[in-house]
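For the sequence shown, position 26 matches number 328 in this note's numbering, and the numbering has no gaps at all.
Read through the structure below, which is laid out as structure tokens, and then see the notes.
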Amino acid sequence: MANITDKWVDYLRNRNHQHRETTQDSEGVSNTSGEKTTTDTIAPSRRRQPRQVYKGPSDYVVEGLVGEHQVNRLVDTGAERNFVSAQFVQKAGLTPYETDTKTVQLAGGRKTESTGSVKLARSLFGSHLRMSLLGDERQRLWGSMDSIYTHALLDTGCDLDLVGAAWARANNFKIDQGPEHRLPLELGDGTRISTTGIVRDVTWTFGDSREKVCSDFYVLDALSADVVFGGDFIMERDVFSEFSHFMIHLDYEARAPERQSLG
């Protein structure tokens with residue numbers, strides 16, 4: 303066992319040494335005088351979203367207090383309502399209104415039922431997060447994917463950028479259905495579904511602006527929206543602040559551009 307460990311340590315040291323040399327070479331090229339010069343690059347005509355690599359679940363959590371109990375609050379702009387676990391309600395000694403139940407639709411189209419409701423201190427939900435721009439899950443960001451107008455749901459509680467399978471096929475997007483693109487996704491009730499493929503190198507345009515991003519979208523059957531942008535996309539681009547003027551409410555969709563091809 304010791305011999306195997308020693309060989310493994312040597313391997314890691316050699317690999318790190320080679321990585322440092324590669325990094326130094328990429329930072330600059332030495333000319334005949336020994337001075338480093340950087341290589342010229344041509345700016346792309348549009349910004350390229352890095353290829354999606356599933357790195358495991360990522361949560362946007364805000365700490366706080368409910369009475370004397372310390373809690374972690376998950377910021378999920380894809381949720382229509384505020385939710386609390388039954389275990390915490392029992393721990394905090396709260397009395398739920400069992401007659402006030404709600405039907406909740408999950409991302410895969412299946413529905414589940416809440417067991418009641420409780421009233422919590424307003425301090426639980428901080429206003430400084432700037433999530434009020436979205437209101438409930440009927441809010442959408444409008445724009446276009448490869449010149450096809452659509453509305454996207456912004457969901458900080460989602461770890462991937464998604465496109466609905468039916469919508470992608472109806473608009474002739476090429477879906478790579480390789481097994482490596484079947485990723486498990488956990489829904490709000492703990493059940494799991496799987497993506498069915500990926501659409502690569504799609505250009506998303508924000509509203510009618512010139513702001514464009516080239517990205518990949520994982521495909522999900524029975525998605526409740528045409529397009530879903532996950533937390534990384536939203537936070538990295540400060541979408542809530544920079545593109546809030548492109549938000550619309552589906553109940554007033556007539557005020558927004560109709561879904562159509564720009565071609």
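Every residue gets a Cβ at the ideal spot worked out from N, C-alpha and C, and that includes glycine.
Whole angstroms is fine: what's the gap from residue i's alpha carbon to residue j's?
i	j	result
Val465	Val521	5 Å
Ser449	Asp503	13 Å
Ile477	Val501	5 Å
Leu487	Ala394	30 Å
Val420	Leu396	7 Å
Ser546	Thr452	16 Å
Pro481	Gly459	25 Å
Ala388	Arg494	20 Å
Gly382	Phe531	Looking at the sequence shown, residue 382 is not Gly but Glu. About 16 Å.
Gln407	Arg512	34 Å
Glu538	Asp463	13 Å
Ala468	Asp553	22 Å
Gln479	Ala470	13 Å
Gly499	Tyr399	42 Å
Val526	Gln372	Sequence inspection shows Ser at residue 526; the Val mentioned does not correspond to that position. Approximately 34 Å, taken between the alpha carbons.
Arg484	Phe475	18 Å
Phe542	Lys413	28 Å
Asp491	Thr507	33 Å
With burial defined as no fewer than 16 other Cβ atoms inside 10 Å of the residue's Cβ, what is the status of residue i: buried or exposed?
i	result
Ser517	buried
Phe385	exposed
Ser446	buried
Ala472	exposed
Leu455	buried
Thr405	exposed
With H, G and I counted as helix, E and B as strand and the rest as coil, what does DSSP make of residue i?
i	result
Ser517	strand
Leu552	helix
Glu400	coil
Gly509	coil
Glu538	helix
Gly533	helix
Over the uninterrupted alpha helix (DSSP H) stretch that includes residue i, give me the two end residues.
i	result
Phe390	Ala388 to Lys393
Val541	Val541 to Glu544
Mind checking which residues open and close the beta strand (DSSP E) that includes residue i?
i	result
Thr405	Thr405 to Gln407
Glu415	Lys413 to Glu415
Whole alpha helix (DSSP H) elements within the stretch 434-493, 4-residue minimum: 467-472
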